[in-house]
Structure formats: structure tokens, C-alpha cells
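The listed protein sequences derive, respectively, from chains Z and S. Quick note: to get our numbering, add 1461 to the position in the first sequence (first position is 1). Quick note: to get our numbering, add 1 to the position in the second sequence (first position is 1). What follows is a set of notes on a single structure, which appears directly below.
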Amino acid sequence: MRENGGPVVTDFNYTPSHQKQFLQPAVGTTVSSHQDLKQIVEMTLGSEGVLNQAVKLPRGEDENEWCAVHCVDFYNQINMLYGTITEFCSPQSCPRMIATNEYEYLWCFQKGQVPVAVSAPKYVECLMRWCQDQFDDESIFPAKLSGQFPPKFISKYVVQMLRRLFRVYAHIYCHHFNEILELNLQTVLNTSFRHFCLFSQEFELLRPADFGPLLELVMELRDR
Amino acid sequence: DIDITSSPKKLPAGFHEKAKSHKTQRVVSVCQMYFLDYYCDMFDYVISRRQRTKRVLEYLSQQRAQKSLGNERLNEEWTGYLQKEHEVLRKRRLKPKNKDFE
Ligand SMILES: [Zn+2]
């Protein structure tokens, strides 16, 4: 797994079914330049209420299913975003999973054990694996059409997952934003994070305390 | 014990070399394409779902006005429609598995 002595890179991409099949090129609708991306993402950021509208529960839909789909979507987005900075987020550069010097996130390797300090890449690796295990657990994220969500699915599972996924945004914003700027990914990061906040807000999933180091940014994005 | 020489406020040593590397360029463009694709698809889904729902509701209120369908039947049609939408949404969440290709 170790490439040229660099940081351990694990491909956690959880392929969503809505990613276009490679056999359907959809000529004319495929947007392939950075300019197009910029326009679309800026459109989502700039125009009032586009994302606010998109997070609303569709009429008659089960709230559990809507939240489950979003968990997978945000997981994928964070995986993609963090993937761009893995070269810059190593156990040497980030020996602890922190967001500013005020917040440190610990990982608990076994139930009942004391959570321990780990490096940022280790934390993200553990977190992504933990999410995958949850997604693969049919009793939590049912795949069969007949499968039911467990009782209190949202308060027990969705909230916990979003709380943890948030920490990756926090680490990126607080410790790798300059790299993100240099790579010209700030619009993508802001869109993703704003979407994440609007969704959490719509269903009252996270408390202000969960946003810890990014509380000011959350307020700013909300007021846009 | 945090090493402030590699603190958030500045770029890490060797940044530009790494940023120019083939690997970084590739993950950055994969990331941008992913988001583009995601948001196009997501808006497309949200908008077309709303349109479908609107059509079904229009159809149902039409039937109701003409009294061509009883209340029970109207409810069944609506529930059946929601079930179908629910199945579509669940499928969006799942990664394609080989066993799905029967
Ligand atoms: Zn880092």
C-alpha cells in the first residue's frame, strides 16, 4: 500500500449508482471543461435558494431514505475532496487530527476503550472505513427494497456519521485551505460544505457545538 | 507538541512540486469532474422528480373531480406512485453490485 515511501493511500471510493455509465456518453450534455464546472458550481452558490430547495424532503418521501442517500453522497464528496490533498496531509505534516489548535478529534478503536490521538490521515482512513462498514450493514442501511431502517435511524446513525464527516471538512478548512486555494478547489469545497450545512440544518441534525471550529464560516455561508 | 512550522497558514514544503505532479493533477481533475457530475445529476433528479409528482397529483385531482375513481383507489394510486419513487431513491444510494446484473 505504501507508494514510494509516501503516505498510505487507500482508495475508498464508494461508487454511487447515479454516476453515469461509461456506455452512455450523452453527447451534448457532458460538460468537460473546468470553465463549465466553475459556472455550474458558482451558479449553485450564487443563485438564491438552489441548494436550499434541493435539500428539502420530496413530497411523500421517507425521511430515513432521504437522509441515507445524503450520508452516502457527503461521504463520497468528502472522500473526493480529501483525496486531492492526501499528498499534503501526511502523518508528518498532521501528526494529530486537529482543527485549529483548539480542537482535536480522537479515534476509538474498540468499543469501551479510551479514544486515542491519531494522525489526520489515519483518522480519515479509520473514519472512511467505519462509514463503509455502516453502509454495508444491511440492518443499518438496507439495500433490499423490502429492507427496513432500524428504529431511531436518524438520531442514532445519521447524526453520528455527519458529526464525524464534518471533522474532515474542519481539518481541510483549518489546515489545508491554502493548498485547496492553490489547486483551485475552493468553490468545490465551499459548495460541498454549504450543501452539507443546509442539509443538516433542514433536518436539525447538528448542533452549533458540532460545528466547533467552523461555526463562523457556517454562519457566513448561511447568510449568503 | 504541534509543529507550527507546517501550520495551516502556509504551504507545506515542496508544495508546488507535489501540486504539479501527475498524480495530484489527476486527482484534482477527477474531483472536479465528480462534483460537476454529481450536481448535474442531483439537480436533474430533484427537478424531474418534482415534475413527476406534479403530474401525478394533477391526474389524481382530475380523476377526483370527474368522480371516475373512488377515494380508496385514488389513495392506492398515490401510495403506489410514492413506493415507486422510494425504490428509485434507494437504488441511487447503492453501489452497483455484480449480482444485480441477472
Ligand atoms: Zn492534514
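Ideal Cβ placement from N, Cα and C applies to all residues, glycine included. All values reported here derive from a predicted model rather than from experimental measurement.
Query, Result
"For the segment 58-81 of chain S, list every residue whose C-beta sits within 8 Å of some C-beta in chain Z, in sequence order.", "Trp79"
"In whole angstroms, give me the CA-to-CA distance for valine 1577 of chain Z and valine 57 of chain S.", "54 Å"
"Per DSSP, what kind of secondary structure is alanine 1560 of chain Z in: helix, strand or coil?", "strand"
"Can you tell me whether DSSP reads valine 1516 of chain Z as helix, strand or coil?", "coil"
"Less than 7 Å between CB atoms is the rule here; does lysine 21 of chain S satisfy it with respect to chain Z?", "no"
"What residues in the segment 35-61 of chain S bring their beta carbon closer than 8 Å to a beta carbon of chain Z?", "Tyr35, Phe36, Leu37, Asp38, Tyr39, Tyr40, Cys41, Asp42, Met43, Phe44, Tyr46, Val47, Arg50, Arg51, Thr54"
"Hey, would you say the C-beta of alanine 1578 of chain Z is under 6 Å away from at least one heavy atom of ligand 1?", "no"
"Taking glutamate 1522 of chain Z as the reference, which of S/Gly15, S/His17, S/Arg91 has the closest Cα?", "S/Arg91"
"For threonine 1547 of chain Z and proline 1582 of chain Z, what's the separation of their Cα atoms in angstroms?", "8 Å"
"Could you tell me whether the segment 35-47 of chain S touches the segment 1554-1564 of chain Z, where touching means 3 or more Cβ pairs closer than 8 Å?", "no"
"Along the segment 1512-1528 of chain Z, what residues have a CB closer than 8 Å to any CB found in chain S?", "Gln1514, Ala1515, Pro1519, Arg1520, Gly1521, Glu1522, Asp1523, Glu1526, Trp1527"
"Could you tell me whether the Cβ atoms of leucine 1675 of chain Z and tyrosine 1634 of chain Z are closer together than 7 Å?", "yes"
"Closest Cβ-Cβ distance between alanine 1631 of chain Z and chain S: below 7 Å?", "no"
"Establish whether the CB of glutamate 1563 of chain Z and some CB of chain S are separated by less than 7 Å.", "no"
"Can you pull every residue whose C-beta falls closer than 6 Å to some heavy atom of ligand 1, listed in chain order?", "Z/Cys1550, Z/Ser1554, Z/Cys1555, Z/Ala1581, Z/His1632, Z/His1636, Z/His1637"
"Identify the residues that DSSP records as bridge partners of glutamate 1565 of chain Z: which are they?", "Z/Ile1559"
"Could you have a look at valine 1575 of chain Z and say whether DSSP puts it in helix, strand or coil?", "coil"
"Could you give the distance in angstroms between the alpha-carbon of arginine 1590 of chain Z and the alpha-carbon of arginine 1683 of chain Z?", "31 Å"
"Can you give the Cα-Cα distance for isoleucine 1641 of chain Z and lysine 55 of chain S, rounded to whole angstroms?", "41 Å"
"Do you know whose CA, among Z/Leu1644, Z/Ala1631, Z/Glu1665, Z/Leu1542, lies nearest isoleucine 1615 of chain Z's CA?", "Z/Glu1665"
"Check the Cβ of glycine 1573 of chain Z against every Cβ in chain S and list those closer than 9 Å, keeping chain order.", "Those do not exist, as glycine 1573 of chain Z stays about 27 Å from chain S at its closest Cβ, beyond 9 Å."
"Compare the C-beta of valine 89 of chain S with all C-beta atoms of chain Z and state if any pair is closer than 7 Å.", "no"
"Nearest CA to the CA of serine 1661 of chain Z: which residue from Z/Met1622, Z/Gln1553, Z/His1632, Z/Thr1648?", "Z/Met1622"
"Output the distance between the C-alpha atoms of proline 1552 of chain Z and valine 1579 of chain Z, rounded to the nearest integer angstrom.", "9 Å"
"Going by other Cβ atoms of all chains shown within 10 Å of its Cβ, with 16 needed for buried, is alanine 1631 of chain Z buried or exposed?", "buried"
"Counting only the same chain and skipping the five closest in sequence on each side, list residues whose C-beta sits under 8 Å from that of glutamate 1599 of chain Z.", "Lys1605, Gly1608"
"Looking at alanine 1529 of chain Z: is its Cβ nearer than 7 Å to the Cβ of arginine 94 of chain S?", "yes"
"Does leucine 1589 of chain Z come within less than 7 Å of chain S when only Cβ atoms are used?", "Going by the sequence as given, residue 1589 of chain Z is methionine instead of leucine. So no, methionine 1589 of chain Z is outside the interface."
"With a cut-off of 8 Å, do at least 3 Cβ pairs link the segment 1643-1656 of chain Z to the segment 31-41 of chain S?", "yes"
"Alpha carbon to alpha carbon, how far is aspartate 1594 of chain Z from glutamine 1571 of chain Z?", "14 Å"
"Given threonine 1545 of chain Z, which residues of its chain have a CB within under 7 Å of its CB, disregarding the five upstream and five downstream residues?", "Leu1644, Leu1646"
"Is the beta carbon of tyrosine 1566 of chain Z less than 7 Å from the beta carbon of arginine 1628 of chain Z?", "yes"
"Determine, using beta carbons only, whether leucine 1484 of chain Z comes closer than 7 Å to chain S.", "Model confidence at leucine 1484 of chain Z stands at a pLDDT of 31, short of 50, so the residue's coordinates are unreliable; what they give is reported in the following sentence. Not one chain S Cβ lies under 7 Å of leucine 1484 of chain Z."
"Any beta carbon of chain Z sitting closer than 7 Å to that of arginine 27 of chain S?", "no"
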